């Protein structure tokens with residue numbers, strides 16, 4: 014790894030880098046060695062809570078002509094969808110619960126309850142985003158091919174309107190996730206053929222149709238005369254999840270101190286350097302236990318990026334030691350409250366819609 | 090969601106309309122979850138079974154009568170099932186032979202306590218009536234030898250008796266006359282199983298007899314001594330020139346039986362089980378194992394010192410993969426049987442589960458869903 018653009022962290026000597034990598038590795042090994050019954054109990058309990066919330070939420074929407082029932086039902090369904098999407102689906106697909114050998118919780122085959130297919134997600138997120146975190150041109154999550162969030166991204170006049178795109182993306186976030194792997198930009202530029210796109214659309218359409226029919230046809234039809242209350246409740250519940258996931262996920266890599274990298278960092282990148290890149294490209298959110306669960310523990314984005322296969326509910330306890338390691342090696346541990354971090358994200362969206370110059374690159378390793 | 094073994098009489102196949110409508114509203118795992126919340130072992134596709142009764146057979150073998158849900162296909166005599174139990178949050182899978190004949194919708198397996206065995210000890214110490222286990226569909230081809238009229242020669246060693254007893258008892262239950270002999274080896278006399286039942290069968294089937302072998306401890310007239318050798322085999326072959334021979338036991342025992350009896354006129358039907366790999370053996374020197382790929386139907390040889398991903402690629406396969414360092418889970422693939430080991434955390438996976446190819450190595454012959 015050669016250079017990064019900016020940062021509050023100091024450059025490490027090769028010896029320090031090795032020691033840093035070993036300390037982080039040791040932390041991860043200890044956690045993995047301890048994985049077992051506690052984690053299985055945790056995810057089972059969470060699934061139970063999520064299932065009951067969903068059933069009660071959908072049930073309340075059936076009597077949604079009474080406004081309090083509609084509101085409570087919608088919120089419960091929204092939260093159930095958030096839990097399934099984040100703390101269950103996302104983490105299961107990382108293989109965090111593969112150790113259980115439970116077919117329903119296998120990372121390679123889990124299908125989550127949103128319009129995008131799990132297979133697309135495993136490619137764009139698990140592989141590209143996690144292996145090439147915040148590397149411009151390799152990690153499609155850097156601006157999702159739509160936004161300019163870093164001065165290192167080349168400016169174009171269309172970015173002037175990116176605040177509007179960002180609001181739309183937030184409202185339709187699950188659709189953004191669904192089509193991300195299609196890389197429509199490539200099609201527009203002629204770097205991907207229409208037949209190929211059509212091929213890729215097939216499984217996506219199958220999944221999308223299932224999700225749409227479920228929320229907007231079958232469940233409303235079950236309610237008979239209350240079709241509209243169920244329909245609207247489902248629509249708002251999906252909207253709640255879209256906004257929440259957008260907010261949490263954007264805080265993960267686009268806060269003020271989150272760094273973006275050039276492709277050259279991959280040249281002979283060691284495990285320790287990989288850890289360092291994950292640390293510097295990610296940012297956390299502070300909050301209580303409930304908040305962490307609702308964020309799918311992506312409030313511990315740094316830990317998640319360093320230890321993506323460790324069950325996420327362990328990140329909080331692991332963060333104590335990780336912070337100590339960061340302090341020891343003079344590395345910035347990027348964390349803050351949701352309003353503070355999201356404020357920085359909003360600022361990035363606004364600021365970099367206008368032309369901006371990248372700061373002078375500083376070395377990561379001496 | 091994928092299931093371990095696809096079932097021919099799963100819920101969607103039995104009731105396609107109902108399942109079609111339900112499937113539009115909920116997923117397979119939601120269906121299974123709510124069934125269990127209501128105390129039922131009904132499932133979309135998976136086979137769950139409730140423990141109906143427990144009884145000891147001999148000193149160290151526990152027979153478990155299991156009532157499976159309707160997804161379970163009917164078993165042939167002498168077949169085996171993979172049984173999964175949860176231990177410390179992990180679903181652990183082992184193969185056991187069906188033992189006592191099926192009765193009233195229940196199938197039975199018999200589990201011998203293995204010294205240091207994770208699953209067998211857990212089953213002996215913690216399994217209670219009413220507990221729920223997961224089963225695979227039954228498999229095994231010993232029953233192929235049942236069609237025919239010649240005498241039957243059964244050879245069993247240790248827990249190999251379970252499948253052999255099932256073959257014998259199922260035939261008796263169907264009203265077939267038994268003709269032939271069972272030769273049954275145990276290391277200690279207190280381990281002999283199904284003693285009363287086998288003796289009763291000898292009473293009701295005058296052309297059937299049992300000979301028990303034990304080479305340790307008291308040499309009473311009840312037990313013969315000696316191993317499976319040409320000397321003991323020769324008179325048997327003479328007495329039953331057209332016999333069909335069924336053998337079940339450890340791989341060494343079955344290997345010996347195969348050498349002695351594979352030429353008999355009636356046919357030789359055998360199944361062997363191999364002892365679990367010890368961790369210290371696994372890491373020692375380079376060894377070679379066979380990996381069978383269930384989807385492509387191919388078999389490749391891999392080294393114990395090579396990641397499964399490297400080995401597969403070397404053999405010309407292109408399994409999906411990503412980071413090649415155990416992070417992204419892209420290469421995670423289903424393992425049906427055998428034992429592999431994750432080199433990152435040292436964790437061993439025996440039987441069914443998912444294996445991260447890029448950081449895992451084979452510890453035995455394995456079967457992968459590729």
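Residue numbers (my numbering), protein chains in the order written: chain D, 14 to 379; chain E, 90 to 459. Glycine included, each C-beta is placed from N, C-alpha and C at the ideal position. Keep in mind the model is a prediction, meaning the values are calculated, not measured.
Minimum Cβ-Cβ distance from residue i to chain D less than 8 Å
{"i": "residue 121 (chain E)", "result": "yes"}
{"i": "residue 421 (chain E)", "result": "yes"}
{"i": "residue 180 (chain E)", "result": "yes"}
{"i": "residue 468 (chain E)", "result": "Beyond the ends of chain E as shown, which are 90 and 459, falls residue 468 (chain E); an answer cannot be given."}
{"i": "residue 417 (chain E)", "result": "yes"}
{"i": "residue 434 (chain E)", "result": "yes"}
{"i": "residue 193 (chain E)", "result": "no"}
{"i": "residue 442 (chain E)", "result": "yes"}
{"i": "residue 135 (chain E)", "result": "yes"}
{"i": "residue 384 (chain E)", "result": "no"}
{"i": "residue 365 (chain E)", "result": "With a pLDDT of only 47 at residue 365 (chain E), under the threshold of 50, the placement of this residue in the model should not be trusted; the figure read from the coordinates follows. No, no contact with chain D."}
{"i": "residue 445 (chain E)", "result": "yes"}
Paired residues, beta bridge with residue i - DSSP
{"i": "residue 152 (chain E)", "result": "E:144 and E:199"}
{"i": "residue 297 (chain D)", "result": "D:348"}
{"i": "residue 172 (chain E)", "result": "E:183 and E:224"}
{"i": "residue 448 (chain E)", "result": "In the DSSP output, where bridge partners are listed per residue, residue 448 (chain E) has none listed."}
{"i": "residue 274 (chain E)", "result": "E:246 and E:302"}
{"i": "residue 357 (chain E)", "result": "E:334"}
{"i": "residue 368 (chain D)", "result": "Paired residue(s): none; residue 368 (chain D) is not in a bridge."}
{"i": "residue 138 (chain E)", "result": "E:157 and E:222"}
{"i": "residue 438 (chain E)", "result": "E:429"}
{"i": "residue 389 (chain E)", "result": "E:380"}
Cβ pair residue i, residue j closer than 8 Å
{"i": "residue 305 (chain D)", "j": "residue 312 (chain D)", "result": "yes"}
{"i": "residue 137 (chain D)", "j": "residue 193 (chain D)", "result": "yes"}
{"i": "residue 162 (chain D)", "j": "residue 365 (chain D)", "result": "yes"}
{"i": "residue 354 (chain D)", "j": "residue 298 (chain D)", "result": "yes"}
{"i": "residue 130 (chain E)", "j": "residue 122 (chain E)", "result": "no"}
{"i": "residue 198 (chain E)", "j": "residue 188 (chain E)", "result": "yes"}
{"i": "residue 155 (chain E)", "j": "residue 174 (chain E)", "result": "no"}
{"i": "residue 75 (chain D)", "j": "residue 243 (chain D)", "result": "yes"}
{"i": "residue 315 (chain E)", "j": "residue 247 (chain E)", "result": "no"}
{"i": "residue 310 (chain D)", "j": "residue 328 (chain D)", "result": "yes"}
{"i": "residue 171 (chain E)", "j": "residue 118 (chain E)", "result": "no"}
{"i": "residue 257 (chain E)", "j": "residue 273 (chain E)", "result": "no"}
{"i": "residue 245 (chain E)", "j": "residue 196 (chain E)", "result": "no"}
{"i": "residue 384 (chain E)", "j": "residue 421 (chain E)", "result": "no"}
{"i": "residue 122 (chain D)", "j": "residue 291 (chain D)", "result": "no"}
{"i": "residue 382 (chain D)", "j": "residue 289 (chain D)", "result": "Given that chain D is displayed from residue 14 to residue 379, the structure contains no residue 382 (chain D) and the question cannot be resolved."}
Min CB distance residue i to chain E below 8 Å
{"i": "residue 227 (chain D)", "result": "yes"}
{"i": "residue 238 (chain D)", "result": "no"}
{"i": "residue 286 (chain D)", "result": "no"}
{"i": "residue 143 (chain D)", "result": "yes"}
{"i": "residue 64 (chain D)", "result": "yes"}
{"i": "residue 49 (chain D)", "result": "yes"}
{"i": "residue 46 (chain D)", "result": "yes"}
{"i": "residue 60 (chain D)", "result": "yes"}
{"i": "residue 53 (chain D)", "result": "yes"}
{"i": "residue 135 (chain D)", "result": "yes"}
{"i": "residue 139 (chain D)", "result": "yes"}
Chain C within 8 Å of residue i, Cβ atoms only
{"i": "residue 411 (chain E)", "result": "Checking the listed chains, one finds no chain C in this structure; the protein chains it contains are D and E."}
Distance cut-off 7 Å: residue i Cβ against heavy atoms of the ligand HEM
{"i": "residue 101 (chain D)", "result": "You won't find the ligand HEM in this model; it holds no ligand whatsoever."}
Notebook entry, point to check: Taking any Cβ of chain D, which residues in the region 106-121 of chain E have a Cβ under 8 Å from it, in chain order?
Noted result: Listed by position, the residues of the region 106-121 of chain E near chain D (Cβ gap below 8 Å) are 113, 114, 116, 117, 118, 119 and 121.
Check: Name the residues in the region 317-337 of chain D whose C-beta lies less than 7 Å from a C-beta of chain E; which are they?
Finding: The residues in question are 321 and 322.
Checklist line | Given 8 Å, three or more beta-carbon pairs between the region 335-343 of chain D and the region 117-134 of chain D | finding: At 8 Å Cβ cutoff, the stretches do not touch.
Next item on the list: Would you check if the region 398-414 of chain E and the region 267-282 of chain D touch, i.e. whether three or more CB-CB distances between them fall below 8 Å?
Entry: With a cut-off of 8 Å, the region 398-414 of chain E and the region 267-282 of chain D do not count as touching, because too few Cβ pairs lie within range.
Notebook entry, point to check: Do the region 142-162 of chain E and the region 239-246 of chain E touch if we need at least three Cβ pairs shorter than 8 Å?
Noted result: With the cut-off at 8 Å, the region 142-162 of chain E and the region 239-246 of chain E do not touch.
Notebook entry, point to check: Using a beta-carbon distance cut-off of less than 8 Å, what residues from the region 107-131 of chain D approach chain E?
Noted result: Cβ contacts with chain E: 107, 108, 111, 112, 113, 114, 115, 116, 117, 119, 120, 121, 122, 123, 124 and 126.
Next item on the list: Report the residues of the region 210-229 of chain E with a CB closer than 8 Å to any CB of chain D, ordered along the chain.
Entry: Those residues of the region 210-229 of chain E that come within reach of chain D (Cβ to Cβ, closer than 8 Å) do not exist; the list is empty.
Item checked: Segment contact flag, the region 274-282 of chain D with the region 245-259 of chain D, C-beta cutoff 8 Å, min 3 pairs -> Flag = no, the region 274-282 of chain D and the region 245-259 of chain D do not touch.
Next item on the list: Closer than 9 Å, Cβ to Cβ, to anything on chain D: give me those residues from the region 168-179 of chain E, in chain order.
Entry: The region 168-179 of chain E vs chain D, Cβ under 9 Å: 173, 175, 176, 177, 178 and 179.
Next item on the list: Kindly confirm or deny that the region 283-292 of chain D and the region 96-113 of chain D touch, where touching means at least three C-beta pairs closer than 8 Å.
Entry: In the pairwise beta carbon analysis, the region 283-292 of chain D is classified as not touching the region 96-113 of chain D: fewer than three pairs are separated by under 8 Å.
Checklist line | Sufficient close CB pairs (3 or more, under 8 Å) joining the region 227-245 of chain D to the region 163-180 of chain D | finding: No, because fewer than three Cβ pairs between the region 227-245 of chain D and the region 163-180 of chain D fall closer than 8 Å, the two stretches do not touch.
Next item on the list: Taking only beta carbons into account, state which residues of the region 208-234 of chain D come closer than 8 Å to chain E, listed in chain order.
Entry: Going along the region 208-234 of chain D in chain order, one finds 223, 226, 227, 231 and 232 with a Cβ nearer than 8 Å to chain E.
Next item on the list: Indicate whether the contact test is met: 3 or more Cβ pairs, each with one atom in the region 349-360 of chain E and one in the region 317-336 of chain E, closer than 8 Å.
Entry: Proximity of the region 349-360 of chain E to the region 317-336 of chain E meets the contact definition, three or more beta-carbon pairs being nearer than 8 Å.
Margin query: Any contact between the region 148-167 of chain D and the region 215-228 of chain D? By contact I mean 3 or more CB pairs, one from each, below 8 Å.
Written below: No, the region 148-167 of chain D is not in contact with the region 215-228 of chain D.
Notebook entry, point to check: When you check each C-beta in the region 80-102 of chain D against every C-beta of chain E, which residues fall closer than 9 Å?
Noted result: Going along the region 80-102 of chain D in chain order, one finds no residue with a Cβ nearer than 9 Å to chain E.
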